[in-house]
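A.B. asks:
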Amino acid sequence: MTGAQPIGIFDSGIGGLTIAHAINKMLPQEHLIYFGDTAHLPYGEKSSDAIKYYSIKISKFLIEQQCKMVVIACNTASAAAYETLLDFYDGKIIFVNVVDPLVDKVIQNGYERIGLIGTKATVNSQVYKNKIKSKVQKAQVEQLATPLLVPMIEEGYYKGQVSELIIKEYLDRPEFKNIEVMLLACTHYPLIKDYIIQFFDGNVEVMDSMDVTALEVQRILNEQNILNHKRQYANKFYVSDYTEGFDETAQMFYGKHIDLVTNSIW
Numbered sequence: 004m005t006g007a008q009p010i011g012i013f014d015s016g017i018g019g020l021t022i023a024h025a026i027n028k029m030l031p032q033e034h035l036i037y038f039g040d041t042a043h044l045p046y047g048e049k050s051s052d053a054i055k056y057y058s059i060k061i062s063k064f065l066i067e068q069q070c071k072m073v074v075i076a077c078n079t080a081s082a083a084a085y086e087t088l089l090d091f092y093d094g095k096i097i098f099v100n101v102v103d104p105l106v107d108k109v110i111q112n113g114y115e116r117i118g119l120i121g122t123k124a125t126v127n128s129q130v131y132k133n134k135i136k137s138k139v140q141k142a143q144v145e146q147l148a149t150p151l152l153v154p155m156i157e158e159g160y161y162k163g164q165v166s167e168l169i170i171k172e173y174l175d176r177p178e179f180k181n182i183e184v185m186l187l188a189c190t191h192y193p194l195i196k197d198y199i200i201q202f203f204d205g206n207v208e209v210m211d212s213m214d215v216t217a218l219e220v221q222r223i224l225n226e227q228n229i230l231n232h233k234r235q236y237a238n239k240f241y242v243s244d245y246t247e248g249f250d251e252t253a254q255m256f257y258g259k260h261i262d263l264v265t266n267s268i269w
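Taking our numbering, the leading residue of the sequence shown gets 4, the next gets one more, and so forth.
Printed below as a string of C-alpha cells:
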C-alpha cells in the first residue's frame, strides 16, 4: 500500500460529501474516490442486513479502484456495517467510520449530558449511546430520530422558515433542556448546524463528524506512513443512480460544483 493510492469514501447518497469536503480541505494532496449509493437512499429506513450488503458491495468497488482506505461517510452505515466490514475484509484495507471520532471528541471534552439527533436506523442501533456509556457510565444520552431533516435538506429547504419550524418541533422538548452538547449523527446535518446553534441560543455546543473524521483519516495515514504528498489525479464522484437534482444538491454539500458519474454496481 502506498501514499499515492486514493482514499475511498461512501455514503447512502450525497450527504457524505460533507465528509469528503472536510477531508479534501485538510488533505488537499489526497486523491478521493466518492461513491454515493443514490439508488438505495435513504439507508436510515433500511434493515441492518440490507445496509451491510450495500456496504460490502460498495467497499468491493472501492477496493477494486486500489483505494488504500475506505471512509464510511454515513452514520447509519457506520453503525450497522463497520464491524461487518472489518470482519469481511479482514485487514485487506483500512476502514474509518464517522461514529468513533465523534464519540472520542465528546469523551475528551468531558461532556456528560448529551443530546443526539439522527436517522431512525442510527438512533435504534444505540451505537452512540453504548459507546459513550462504555467509557463514561454516568453519561446521560438523550436520542431522537429526526426523519424529516434529510429530505428537507436534500430538497433545498434547509434555509429559512421551513427549517426553523421543523428544527424547533424536534428540539423543543424536555429531554433536551439541560444538555451540554448536541451531536449531529447524520452527515446531512452540518448544513443546518447554524440553525441548531441558534435554537439553543449558543448555550449548547453542537458537534458533527466532519472535522473529527478528517483528523482521524490524517492521523491514520500519517501513522501508517501512507500520506500522499502530491496528487496526480482529479477526485472522482460516483453515484449509483442519477437525477438532475443531484447536481445542485451535491454542490450544496461539497461547496462547489462537481461532476457526478453514474456507476451502477448492482
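Using N, Cα and C, we set each Cβ at its ideal position, and we do this for glycine too. Owing to the predicted nature of the structure, the values given are computational and were not obtained by experimental measurement.
(1) Mapping DSSP to helix, strand and coil, what is Pro155?
(2) If we count Cβ pairs, one from each stretch, closer than 8 Å, do we get three or more for the segment 113-123 versus the segment 214-232?
(3) By how many angstroms is the C-alpha of Leu105 removed from the C-alpha of Pro45?
(4) So which of Val101, Glu48, Asn78 and Asp14 has the shortest CA-CA distance to Ser62?
(5) Specify, as a first and last residue, the run of the beta strand (DSSP E) that Met185 falls within.
(6) Opposite Glu208 in the DSSP bridges: which residues?
(7) Does Thr79 pass the burial test, meaning 16 or more other C-beta atoms within 10 Å, or should it be called exposed?
(8) Can you confirm whether the segment 171-184 touches the segment 79-97 when touching is taken to mean that 3 or more C-beta pairs between the two stretches lie within less than 8 Å?
(9) Quick check: the Cα distance between Val73 and Ala23, rounded to an integer number of angstroms?
(10) Going by DSSP, which residues form a beta bridge with Asp14?
(11) I think Ile12 touches Leu35, with their Cβ atoms under 8 Å apart; what is that distance to the nearest whole Å?
(12) Using only CA atoms, which one of Leu186, Asp211 and Thr21 lies nearest to Gly39?
(13) Check for me: the beta strand (DSSP E) holding Arg116 runs from which residue to which?
(14) Please report the residue range of the alpha helix (DSSP H) in which Pro200 lies.
(15) Are the segment 183-200 and the segment 146-162 in contact at 8 Å, needing three or more beta carbon pairs?
(16) With a cut-off of 8 Å, do at least 3 Cβ pairs link the segment 244-253 to the segment 46-53?
(17) Tell me, to the nearest whole angstrom, how far the beta carbon of Ile75 is from that of Val109; I am working on the premise that it is less than 8 Å.
(18) Are the CB atoms of Gly6 and Asn181 nearer to each other than 7 Å?
(19) Is Leu168 helix, strand or coil when you go by DSSP?
(20) Just to confirm my understanding: we take Glu208, look at its own chain, exclude 5 residues before and 5 after, and list those with CB closer than 6 Å. What are they?
(21) Where does Val215 fall in DSSP's three states?
(22) The alpha helix (DSSP H) with Glu178 in it runs from where to where?
(23) Lys71: which of Ser50, Asp262, Val99 and Cys77 sits nearest, CA to CA?
(24) Roughly how many angstroms lie between the CA atoms of Ile10 and Glu33, to the nearest whole one?
(25) Suppose contacts are defined by Cβ-Cβ distances below 7 Å. Is Val102 in contact with Ser128 by that definition?
C.D. replies: Taking the definition as stated:
(1) If you number the sequence shown from 1, residue 155 lands on position 152. First, the amino acid is wrong: residue 155 is Met here, not Pro. Assigned with DSSP and collapsed to three states, Met155 falls in helix.
(2) Taking a contact to require three or more Cβ pairs closer than 8 Å, the segment 113-123 and the segment 214-232 do not qualify as touching.
(3) Residue mapping note: residue 45 aligns to position 42 of the sequence shown, counting from 1. Residue mapping note: residue 105 aligns to position 102 of the sequence shown, counting from 1. Spanning the two alpha carbons is a distance of roughly 22 Å.
(4) The sequence position of residue 62 within the sequence shown is 59, counting from 1. Ranking the options by Cα distance to Ser62, first place goes to Asp14.
(5) By one-based count along the sequence shown, residue 185 stands at place 182. Per DSSP, the continuous beta strand (DSSP E) segment holding Met185 begins and ends at Val184 to Ala188.
(6) Counted from its first residue, the sequence shown places residue 208 at position 205. Answer is Val184, bridged to Glu208.
(7) Stepping through the sequence shown from its first residue, residue 79 is reached at position 76. Classification of Thr79: buried, given that the 10 Å Cβ count is 16 or more.
(8) The count of Cβ pairs closer than 8 Å, one atom from the segment 79-97 and one from the segment 171-184, stays below three, leaving the stretches out of contact.
(9) Residue mapping note: residue 73 aligns to position 70 of the sequence shown, counting from 1. Residue mapping note: residue 23 aligns to position 20 of the sequence shown, counting from 1. The straight-line gap from Cα to Cα measures roughly 11 Å.
(10) Position 11 of the sequence shown, counted from the first residue, corresponds to residue 14. According to DSSP, which records beta bridges pairwise, Asp14 is partnered with Gly39.
(11) In the sequence shown, counting from the first residue as 1, residue 12 sits at position 9. In the sequence shown, counting from the first residue as 1, residue 35 sits at position 32. Right, the Cβ-Cβ distance comes to about 6 Å (below 8 Å), so this counts as a contact.
(12) For the purposes of this step, residue 39 is identified with residue 36 of the sequence shown, where counting begins at 1. Comparing Cα-Cα distances from Gly39 to each of Leu186, Asp211 and Thr21, the minimum goes to Thr21.
(13) Locating residue 116 in the sequence shown gives position 113, counting from the first residue. Here the beta strand (DSSP E) through Arg116 covers Arg116 to Gly121.
(14) Your numbering for residue 200 matches position 197 in the sequence shown. It should be noted that the sequence gives Ile, not Pro, for residue 200. Here the alpha helix (DSSP H) through Ile200 covers Lys196 to Phe202.
(15) Yes, the segment 183-200 touches the segment 146-162.
(16) In short, these stretches do not touch, since the Cβ pair count stays below three.
(17) By one-based count along the sequence shown, residue 75 stands at place 72. By one-based count along the sequence shown, residue 109 stands at place 106. At roughly 19 Å, the Cβ-Cβ gap does not stay under 8 Å, so Ile75 and Val109 are not in contact.
(18) Residue 6 sits at position 3 when you count from the first residue of the sequence shown. Residue 181 sits at position 178 when you count from the first residue of the sequence shown. Contact annotation: Gly6 and Asn181 have beta-carbon atoms that are not nearer than 7 Å.
(19) The residue labelled residue 168 in the question sits at position 165 within the sequence shown. It is helical.
(20) Locating residue 208 in the sequence shown gives position 205, counting from the first residue. So the qualifying residues of the chain are Val184.
(21) In the sequence shown, the residue the question calls residue 215 occupies position 212. Three-state result, Val215: helix.
(22) As a working mapping, residue 178 is identified with position 175 in the sequence shown. Here Glu178 belongs to no alpha helix (DSSP H), and DSSP marks it neither H nor E.
(23) What you label residue 71 is simply residue 68 of the sequence shown in a count that begins at 1. Comparing alpha-carbon positions, the option among Ser50, Asp262, Val99 and Cys77 lying closest to Lys71 turns out to be Val99.
(24) Counting from 1 along the sequence shown, the entry for residue 10 is found at position 7. Counting from 1 along the sequence shown, the entry for residue 33 is found at position 30. One C-alpha to the other measures close to 7 Å.
(25) Along the sequence shown, read from residue 1 onward, the residue named residue 102 stands at position 99. Along the sequence shown, read from residue 1 onward, the residue named residue 128 stands at position 125. Cβ distance not < 7 Å, so Val102 and Ser128 don't count as in contact.
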